[in-house]
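My numbering numbers the first residue of the sequence shown as 912 and each following residue consecutively. First up is the structure itself, then whatever we jot down about it.
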Amino acid sequence: MTLREAIIGNKTGEFIITCELAPPKGTDVSNLIQMAKSLSGLVEAVNLTDGQGSNMRMCPLAAGTFLLKENVDVIWQLTCRDRNRIALQADCLGASAVGIKNVLPMKGDDPKVGDHPDAKAVFDLETTELIKVLKKLNDGFDMSGKELKGKTDFLIGCTAHPNAPDLKKQKEILDERFQIGASFIQTQICYEIDQIKIFIDSLGELAKKVILGITPLKGIKMANFMNEKVFGVTVPQKIMERLEKANDQRQEGLEIAKEIVSEIKKTNIGGIHVMAVGQENELPSIIQFLTEPSKTIKV
């Protein structure tokens, strides 16, 4: 099932699973291709990041072509950081021409936090404007209103945060983005199940279009990093204590993530987006562990 089929035509309420990969830092795509092969059939689609953390890597448009060859549906992350409106539209036409069907427009991280801190950010458009542009391209017109010879056919996504300080305001923004063309939501990580449920309740029927970010913690060091360095992400004290007491912290982190997935499956949320930070090579087994009740894992 493709992401479009899961989002638009999912009449049975099947739980959607997506995951995230970073394109290589270089031209060697062998590991990317191997990961694509191992993920085929496990997920509805794979996100390819666009200079995540403002670190230079292969562009996700090019990387996506290798996943498409392995019959893996691609979610192309497209940031406003690096391109003006001309370049953004040009890349969208190219992505559509090579067969990419899903796009997730995002603001993008500040270049100062990445490996080229002197790079100049563009931010010609902001995210909502980019969603409008994507909808126009789908309708067969560029941003200036000129007709295209062949239109795009993107399923357009947007992002949200379960820990947003004003969930009501966030819901208003999401409603606007759906009105202008968005069809699904992928979220930041959240380790607080009560907060996740509050977030889900705030969305009403829109929760069915939400794919919640899940990142298993590798241990107490990673949990501390999340608390100190990742904006808007809090690892609760009770989880910190579980990790500290565990004989195998990595396994405990997986168990915690599985408990969160089990709880949200009881809600009307659409699915999960697995971001296995620092554990990308174990993604297939991690996804199986998180989503299959009887599955065990030791990584």
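Positions of the beta carbon are idealized from the N, C-alpha and C atoms, including for glycine.
Subject >> Assigned secondary structure, Met967 (DSSP; H/G/I helix, E/B strand, else coil) >> reply: Along the sequence shown, read from residue 1 onward, the residue named residue 967 stands at position 56. Here Met967 sits in coil by DSSP.
Original post:
Going by the beta-carbon positions, is the gap between Asn1013 and Ala956 smaller than 8 Å?
Top reply: To locate residue 1013, count along the sequence shown from 1; it is residue 102. To locate residue 956, count along the sequence shown from 1; it is residue 45. It is a contact, given that the beta carbons lie within the stated cut-off.
**OP:** For Met1186, count neighbouring C-beta atoms within 10 Å of its own C-beta (all shown protein chains included) and say buried if the count is 16 or more, exposed if not.
**Re:** Within the sequence shown, the letter at position 275 stands for residue 1186. With 16 or more Cβ atoms within 10 Å of its Cβ, Met1186 is classed as buried.
Original post:
Is it true that the region 1073-1085 meets the region 1046-1065, where meeting means three or more beta-carbon pairs spaced less than 8 Å apart?
Top reply: The region 1073-1085 vs the region 1046-1065: no contact.
**OP:** Using a Cβ cut-off of 8 Å (strictly closer), state whether Leu989 contacts chain D.
**Re:** Of the chains in the structure shown, none is chain D; there is only one protein chain.
Original post:
If you scan the region 1060-1090 from start to end, which runs of the alpha helix (DSSP H) of 4 or more residues do you find wholly inside it?
Top reply: 1078-1090
Subject >> Cβ shell of Phe1095 (< 6 Å), same chain only, five flanking positions each side left out >> reply: Taking the sequence shown and counting its residues from 1, one reaches residue 1095 at position 184. The answer, listed in chain order, is Ile918, Gly1068, Lys1120.
Subject >> Between the CA atoms of Gly1005 and Thr1126 - distance to the nearest angstrom >> reply: Along the sequence shown, read from residue 1 onward, the residue named residue 1126 stands at position 215. Along the sequence shown, read from residue 1 onward, the residue named residue 1005 stands at position 94. Going from the Cα of Thr1126 to the Cα of Gly1005 covers about 31 Å.
Original post:
Cα separation between His1184 and Thr1098?
Top reply: As a position in the sequence shown, residue 1184 is number 273, starting the count at 1. As a position in the sequence shown, residue 1098 is number 187, starting the count at 1. Distance between the alpha carbons of His1184 and Thr1098: 8 Å.
**OP:** Using 10 angstroms around the beta-carbon of Ala1001, count the other beta-carbons present and answer buried if the total reaches 16, otherwise exposed.
**Re:** Position 90 of the sequence shown, counted from the start, is the residue given in the question as residue 1001. Label assigned to Ala1001: exposed.
**OP:** Taking only the alpha-carbon atoms, compute the straight-line gap between Glu1163 and Lys1018 and give it to the nearest angstrom.
**Re:** The residue labelled residue 1163 in the question sits at position 252 within the sequence shown. The residue labelled residue 1018 in the question sits at position 107 within the sequence shown. Distance between the alpha carbons of Glu1163 and Lys1018 is about 33 Å.
Original post:
Leaving out the 5 sequence neighbours to the left and right, which residues in its chain are closer than 7 Å to Leu1154 when beta-carbon positions are compared?
Top reply: Residue 1154 sits at position 243 when you count from the first residue of the sequence shown. Only Leu1128, Gly1130, Ile1131, Ala1134, Gln1160, Glu1163, Gly1164 meet the Cβ criterion.
**OP:** If I'm right that Val1144 touches Ile1109 with Cβ under 8 Å, what's the distance once you round it to whole angstroms?
**Re:** Counted from its first residue, the sequence shown places residue 1144 at position 233. Counted from its first residue, the sequence shown places residue 1109 at position 198. With 8 Å as the limit, Val1144 and Ile1109 do not qualify as a contact, their Cβ atoms being about 16 Å apart.
**OP:** Quick one: measure Cβ to Cβ for Trp987 and Leu999, integer angstroms, because I've assumed they're closer than 8 Å.
**Re:** Against the sequence shown, residue 987 aligns to sequence position 76. Against the sequence shown, residue 999 aligns to sequence position 88. With 8 Å as the limit, Trp987 and Leu999 do not qualify as a contact, their Cβ atoms being about 12 Å apart.
Original post:
When the Cα atoms are used, what is the spatial distance from Asn1179 to His1072?
Top reply: Taking the first residue of the sequence shown as position 1, residue 1179 is located at position 268. Taking the first residue of the sequence shown as position 1, residue 1072 is located at position 161. Roughly 17 Å between the two C-alpha positions.
Subject >> Leu1036 and Arg996 closer than 8 Å at C-beta >> reply: The residue you call residue 1036 lines up with position 125 of the sequence shown. The residue you call residue 996 lines up with position 85 of the sequence shown. Taking C-beta atoms as the reference points, Leu1036 and Arg996 count as a pair closer than 8 Å.
**OP:** Use the C-beta contact count for Gln963: other C-beta atoms within 10 angstroms, 16 or more gives buried, fewer gives exposed.
**Re:** Taking the first residue of the sequence shown as position 1, residue 963 is located at position 52. Result: buried.
Subject >> Sheet register partners of Ala956 (DSSP bridge) >> reply: The count along the sequence shown starts at 1 and reaches residue 956 at position 45. Bridge partners of Ala956: Thr929.
Original post:
Just the Cα atoms here: how many angstroms apart are Leu953 and Pro1195?
Top reply: Residue 953 sits at position 42 when you count from the first residue of the sequence shown. Residue 1195 sits at position 284 when you count from the first residue of the sequence shown. Near 7 Å, if we compare the C-alpha coordinates of Pro1195 and Leu953.
Original post:
With a Cβ-Cβ cutoff of 8 Å, do Thr1202 and Ile927 count as a contact?
Top reply: Reading the sequence shown from its first residue, position 291 is the one you call residue 1202. Reading the sequence shown from its first residue, position 16 is the one you call residue 927. Cβ distance not < 8 Å, so Thr1202 and Ile927 don't count as in contact.
**OP:** Quick one: using the 10 Å Cβ neighbour count with 16 as the cut-off for buried, is Pro1028 buried or exposed?
**Re:** In the sequence shown, residue 1028 corresponds to position 117, counting from 1. When all chains shown are included, Pro1028 counts as exposed.
Original post:
Can you tell me where the alpha helix (DSSP H) with Leu1220 in it begins and where it stops?
Top reply: Absent from the structure is residue 1220, since the part of the chain shown begins at 912 and ends at 1210.
Subject >> Pro1022 (DSSP reduced to helix, strand or coil) >> reply: Numbered from 1 along the sequence shown, position 111 holds the residue referred to as residue 1022. The answer is helix: DSSP assigns Pro1022 an H, G or I state.
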